[in-house]
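Peer 1:
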Amino acid sequence: MTMEHWSLSVDDQGIAWVTLDVQGKSVNVLTRAVVSEMATLADQLAHHDGITAMALVCGKPQGFVYGADINEFTDLKTEADVGALLDHVHGLFQRFADLPFPTVAGIDGFALGGGLELPLVCDRLVATASPKTQLGFPEVKLGLMPGYAGTGRAYGRIGAAAVLDMMLTGRMVPAAEALEMGLVDQLCDDAAGLHDAIRAMIASMGGVKPPRPSITGEDTKAAVDDAAAKFTKRLRPDHTPAPFAILDHIADNAPDAAAISEAEKGIFPALMMSEASDGLRRVFQLTDMVKKTGRGDSEVQSVHVIGAGVMGGDIAAVAAMCGFNVTLSDMNSDAIMAAIDRARALYERRLKSPEKINPVMDRLVADPDQKGLVEADLIIEAVAERLDVKKAVFTAVEAKAKPEAILATNTSAIPLEDIASALNDPSRLIGLHFFNPVPVLPLVEVIYSQYSNDQAIARGMAFSGQMKKMPIRCKSAPGFVVNRALLPYINAGIAQMLAGTPADEIDQALVNFGMPMGPIELADQIGLDVMLDASTPLGMPDEVAAAFQQMIDAGTIGRKSGQGFYEWDDKKALRPRAVYETHAQKALAASLLQPMIDECRAAVAQGVVDSADHADAAMIFGVGFPQFKGGPLHFADRNAL
Ligand code: NAI
1 MTMEHWSLSV DDQGIAWVTL DVQGKSVNVL TRAVVSEMAT LADQLAHHDG
51 ITAMALVCGK PQGFVYGADI NEFTDLKTEA DVGALLDHVH GLFQRFADLP
101 FPTVAGIDGF ALGGGLELPL VCDRLVATAS PKTQLGFPEV KLGLMPGYAG
151 TGRAYGRIGA AAVLDMMLTG RMVPAAEALE MGLVDQLCDD AAGLHDAIRA
201 MIASMGGVKP PRPSITGEDT KAAVDDAAAK FTKRLRPDHT PAPFAILDHI
251 ADNAPDAAAI SEAEKGIFPA LMMSEASDGL RRVFQLTDMV KKTGRGDSEV
301 QSVHVIGAGV MGGDIAAVAA MCGFNVTLSD MNSDAIMAAI DRARALYERR
351 LKSPEKINPV MDRLVADPDQ KGLVEADLII EAVAERLDVK KAVFTAVEAK
401 AKPEAILATN TSAIPLEDIA SALNDPSRLI GLHFFNPVPV LPLVEVIYSQ
451 YSNDQAIARG MAFSGQMKKM PIRCKSAPGF VVNRALLPYI NAGIAQMLAG
501 TPADEIDQAL VNFGMPMGPI ELADQIGLDV MLDASTPLGM PDEVAAAFQQ
551 MIDAGTIGRK SGQGFYEWDD KKALRPRAVY ETHAQKALAA SLLQPMIDEC
601 RAAVAQGVVD SADHADAAMI FGVGFPQFKG GPLHFADRNA L
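Going by my numbering, 381 is the number at position 381 of the sequence shown; the sequence numbering is gapless.
#1: Could you tell me how far apart the beta carbons of G106 and L247 are, in whole angstroms, since I believe they sit closer than 8 angstroms?
#2: Cβ of M517 within 7 angstroms of any heavy atom in the ligand NAI?
#3: In whole angstroms, give me the CA-to-CA distance for L522 and I490.
#4: Would the region 321 to 335 and the region 353 to 365 be scored as touching if the rule is three or more Cβ pairs under 8 angstroms?
#5: So for G156, helix, strand or coil by DSSP?
#6: For M619, is the beta carbon positioned less than 7 angstroms from some heavy atom of the ligand SAH?
#7: Quick one: grab the DSSP three-state call for I51.
#8: Entirely within the region 473 to 551 and at least 4 residues each: give me those alpha helix (DSSP H) ranges in chain order.
#9: Using a Cβ-based criterion (distance less than 7 angstroms to any ligand heavy atom), does E72 qualify as near the ligand NAI?
#10: Rounded to a whole number of angstroms, what is the C-alpha to C-alpha distance between V22 and V65?
#11: Using a Cβ-based criterion (distance less than 7 angstroms to any ligand heavy atom), does V310 qualify as near the ligand NAI?
#12: Can you list, in chain order, the residues of its chain whose CB lies under 8 angstroms from that of L86, leaving out five sequence neighbours each side?
#13: Shortest alpha-carbon distance to F137 belongs to which of M201, G493 and V163?
#14: Classify I246 as helix, strand or coil using the three-state DSSP reduction.
#15: Between A376, V305, P439 and E381, which lies nearest to L351 when the distance is taken from Cα to Cα?
#16: Whose C-beta lies closer than 8 angstroms to the C-beta of D69 among residues of the same chain, with five residues either side of it excluded?
#17: Is E177 helix, strand or coil by DSSP?
#18: What do you reckon, is the C-beta of N639 under 7 angstroms from a heavy atom of the ligand NAI?
#19: Per DSSP, which residues does E72 bridge with? Please list them.
#20: Could you tell me which residues DSSP pairs with D569 in its beta bridges?
#21: Within the present structure, is the beta-carbon of V393 separated from the nearest heavy atom of the ligand NAI by less than 7 angstroms?
#22: Pair every Cβ in the region 300 to 311 with every Cβ in the region 441 to 456, then say whether three or more of these pairs are closer than 8 angstroms.
#23: Check S298 in the structure and name its three-state DSSP category.
#24: For T40, which of S261, W6 and I51 has the nearest alpha-carbon?
#25: According to DSSP, simplified to helix, strand and coil, what is T128?
#26: Counting C-beta neighbours from all protein chains within 10 Å, is the total for T327 16 or more, i.e. buried, or is it exposed?
#27: Once you ignore the five residues that flank D616 on each side, which residues in its own chain have a CB closer than 6 angstroms to its CB?
#28: What are the boundary residues of the alpha helix (DSSP H) that N436 is part of?
#29: Can you tell which of Q606, I620, A343 and M551 has the C-alpha that lies nearest to the C-alpha of M311?
#30: Counting Cβ pairs, one atom from each stretch, are 3 or more of them under 8 angstroms apart for the region 566 to 576 and the region 518 to 537?
#31: Confirm, please, whether the CB-CB distance from L142 to R349 is below 8 angstroms.
#32: Assign Y451 to one of three DSSP states: helix, strand, or coil.
#33: What ranges does the alpha helix (DSSP H) occupy inside the region 558 to 624, keeping only unbroken runs of at least 4 residues that lie completely in it?
#34: Using DSSP's beta-bridge definition, name the partner residues of C58.
#35: Starting from T409 and walking both ways along the alpha helix (DSSP H), at which residues does that stretch end?
#36: Is P411 near the ligand NAI, judged by its Cβ being under 7 angstroms from some heavy atom?
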């Protein structure tokens, strides 16, 4: 049988060069077709005369193998389907492990997941010392663990502590570290020297197949306990079962490498079918989708930010960190200085060394006289949330700005059309709605009005991408998508509390669900004054509005006043965090999430966002909706809510 993705050629020394070059893809991934073809390859290796050794290499200029093709996972409908796939792959990989002659894999570039399990079938691994050569088991990020017998084969080489580190963090291990830990046996300088290094490795084996590496005498229990303490302290098995399954897997089966690999088949299928893996795989794809929409060049080099408060100050700071030349103005020069001090503190935390901090500080310029406005390619307004103030700002901006400069507002609720009415050319205005805190939250809603021109929107998307943010295009409509869905959810929580359910019970239900914090605590965190202002245009129950007003009148507006619905000890709401009955908590969480789900659905139906995927992505990246639930609409569909 001919092969499409693999090729085999035997040289005059009897070395069988096996090359993977997946057709129709720019990088190698282990699709099912690629894996199935390995049966033909194994047959050819078995029947070819005179083979003395096998060398496994990759035929792509970029990367070794990136792992399984996760798009194909959706065809797997039951644990039995997954089990059958694993049996198939384990059997095929074992045929390569059992080849009677020495085998060597040569790795240049990324060897991830299944793309690392594949070379691990070989007796020896040679890798290039290129910075692009990185080895890892990222499966945990998809709610999974390695499933192609790589857990045992890696364990046999590097032991419990190192394999747990790789499997629990999903991190990529650079070539030098891989050599040090024993994951690979030798490095060569670069791809040009890889074939010679493989030949030398084969020669060093003298035609004798070496025994499999195996670990003896290590304290597996101590390694498992250490890894549990280090990597799973903040995790919960009911949210993300994979890390806990990985720990149990090694604890139960080490030190027998073959038993570890075999046991994967009993664990992996359930992980693959879990709600968490379903959600995390979806988020992986949503991330990819959103990042793609933020690619490209915004043709922005200089940015002028007007309003150096909480938002403007931080937008300016992040823009300078992302390479833009930024000028920052405010009618109050103390606000500018305070913002620049905050930026310095951010850079000290993130960039650490003066060599990195100083050039960024040089790019962030205090500009009380708005000198930078004339030259700026993008002007972002982040002044007070008042239409008259914003209109006045934009009238002045339009008079001075370059004709091709994009004009953007960070308004959270004012219709863009109203602000644009201050402009001679309203098509220039878009919204760039960042989320607080800007350095932390990845979402930017890129807002377009009925007037906005396509080029300005496209440049706004690209600029957000260059700010290393996740941009979601939204139509100008009350609350855009995130606030439209978030505020009614918070207010439903407040209404439930006013109806008699203890605040702690409500918040605990949502924390148990997986939200970063519950709605009452979040209202306190946002500030009850801001909550009332932001919710009013969206509508809210009268009793909730009255409760906010009463608290505001009493000066107890949440975290910033030390007291809101909870008492606050700086960053922490003082609440009992009691244990409540699980079933009731699940029902409570589902009912309180319903307004969020309804509003996301309505935003999609009304074309405020492009699709349910975009709505889910917005809630995940803007609000911290749990990734392992895949977004509110995905959660609702899965649970028929
Ligand atoms: P802030 O009150 O912290 O800062 C506003 C700044 O604008 C102040 O420093 C003020 O001196 C300055 N300013 C006011 N009028 C001005 C004018 N005419 N010219 C120059 N400077 C002027 O406000 P914050 O929170 O930064 O909000 C700014 C905008 O961002 C608002 O539209 C708000 O709705 C929006 N926003 C706020 C979020 C938040 O969590 N705080 C989140 C997302 C958007």
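In this text, a Cβ means the ideal position worked out from N, Cα and C, and glycines have one as well.
Peer 2: To lay it out plainly:
#1: Numbered from 1 along the sequence shown, position 106 holds the residue referred to as residue 106. Numbered from 1 along the sequence shown, position 247 holds the residue referred to as residue 247. Going by Cβ atoms, the distance from G106 to L247 rounds to 33 angstroms, so no, they are not a contact pair.
#2: For the purposes of this step, residue 517 is taken as the residue at position 517 of the sequence shown. Checking every heavy atom of the ligand NAI against the Cβ of M517, none is found closer than 7 angstroms.
#3: As a working note, residue 522 is residue 522 in the sequence shown. As a working note, residue 490 is residue 490 in the sequence shown. Rounded to whole angstroms, the gap between the alpha carbons of L522 and I490 is 8 angstroms.
#4: Counting C-beta pairs closer than 8 angstroms gives three or more between the region 321 to 335 and the region 353 to 365, which meets the contact rule.
#5: Residue 156 sits at position 156 when you count from the first residue of the sequence shown. In the structure shown, G156 falls within a helical segment according to DSSP collapsed to helix, strand and coil.
#6: Within the structure as shown, the ligand SAH is missing, the only ligands being the ligand NAI.
#7: Locating residue 51 in the sequence shown gives position 51, where the first residue counts as 1. In this structure, I51 counts as coil in the three-state DSSP scheme.
#8: You should have 482 to 498, 503 to 513, 519 to 526 and 528 to 535.
#9: Taking the first residue of the sequence shown as position 1, residue 72 is located at position 72. Closer than 7 angstroms to some heavy atom of the ligand NAI: that does not describe the Cβ of E72.
#10: Mapped onto the sequence shown, residue 22 falls at position 22. Mapped onto the sequence shown, residue 65 falls at position 65. Annotation: V22 to V65 spans about 10 angstroms, alpha carbon to alpha carbon.
#11: Taking the sequence shown and counting its residues from 1, the one referred to as residue 310 is at position 310. Checking the Cβ of V310 against the ligand NAI gives yes.
#12: Taking the sequence shown and counting its residues from 1, the one referred to as residue 86 is at position 86. Apart from the 5 residues on each side of it in sequence, L86 sits with its Cβ closer than 8 angstroms to the Cβ of G147, Y148, E264, K265, F268 and P269 in its chain, given in chain order.
#13: Position 137 of the sequence shown, counted from the first residue, corresponds to residue 137. Selected option, being the one with the closest Cα: V163.
#14: To locate residue 246, count along the sequence shown from 1; it is residue 246. Assignment of I246 by DSSP, reduced to helix, strand and coil, places it in the helix class.
#15: Counting from 1 along the sequence shown, the entry for residue 351 is found at position 351. Selected option, being the one with the closest Cα: P439.
#16: As a working mapping, residue 69 is identified with position 69 in the sequence shown. Hits under 8 angstroms: V29, L30, T31 and R32.
#17: For this step, residue 177 is matched to residue 177 along the sequence shown. Taken through DSSP and simplified to helix, strand or coil, E177 comes out as helix.
#18: Taking the sequence shown and counting its residues from 1, one reaches residue 639 at position 639. Because no heavy atom of the ligand NAI lies under 7 angstroms away, the Cβ of N639 does not count as near it: no.
#19: The sequence position of residue 72 within the sequence shown is 72, counting from 1. Note: E72 sits in no beta bridge, so no partner.
#20: Taking the first residue of the sequence shown as 1, we reach residue 569 at position 569. In the DSSP output, where bridge partners are listed per residue, D569 has K572.
#21: Numbered from its first residue, the sequence shown carries residue 393 at position 393. At least one heavy atom of the ligand NAI is nearer than 7 angstroms to the Cβ of V393, so yes.
#22: Because the criterion of three Cβ pairs below 8 angstroms is not met, the region 300 to 311 and the region 441 to 456 do not touch.
#23: Looking up residue 298 in the sequence shown gives position 298. Annotated three-state conformation of S298 is coil, per DSSP.
#24: Residue mapping note: residue 40 aligns to position 40 of the sequence shown, counting from 1. Taking only the C-alpha atoms, the option nearest T40 is W6.
#25: Reading the sequence shown from its first residue, position 128 is the one you call residue 128. In the three-state reduction of the DSSP assignment, T128 falls in the strand class.
#26: Here residue 327 refers to the residue found at position 327 when the sequence shown is read from its first residue. Burial of T327 is indicated by the presence of at least 16 other C-beta atoms within 10 angstroms of its C-beta.
#27: By 1-based counting over the sequence shown, the position of residue 616 is 616. Exclusion of the five residues before and after D616 leaves G631, L633 and H634 as the residues of its chain whose Cβ lies within less than 6 angstroms of its Cβ.
#28: Residue numbering aside, residue 436 sits at position 436 when the sequence shown is read from its first letter. Taken as a continuous stretch (DSSP letters only), N436 belongs to no alpha helix (DSSP H), as it is neither H nor E.
#29: As a position in the sequence shown, residue 311 is number 311, starting the count at 1. The shortest C-alpha to C-alpha distance from M311 to any of Q606, I620, A343 and M551 is the one to A343.
#30: By the criterion of at least three beta-carbon pairs nearer than 8 angstroms, the region 566 to 576 is in contact with the region 518 to 537.
#31: The residue labelled residue 349 in the question sits at position 349 within the sequence shown. The residue labelled residue 142 in the question sits at position 142 within the sequence shown. Going by C-beta atoms, R349 is not nearer than 8 angstroms to L142.
#32: By one-based count along the sequence shown, residue 451 stands at place 451. If DSSP states are grouped into helix, strand and coil, Y451 belongs with coil.
#33: Within the region 558 to 624, the alpha helix (DSSP H) runs of at least 4 residues that lie entirely inside it are, in chain order, 582 to 605 and 612 to 623.
#34: Indexing the sequence shown from 1 puts residue 58 at position 58. Bridge partners of C58: L20.
#35: Taking the sequence shown and counting its residues from 1, one reaches residue 409 at position 409. It is not in any alpha helix (DSSP H) - T409 instead sits in the beta strand (DSSP E) that spans I406 to T409.
#36: Locating residue 411 in the sequence shown gives position 411, counting from the first residue. The amino acid at residue 411 is misidentified as Pro; the sequence shows Thr. Yes - the ligand NAI has a heavy atom lying nearer than 7 angstroms to the Cβ of T411.
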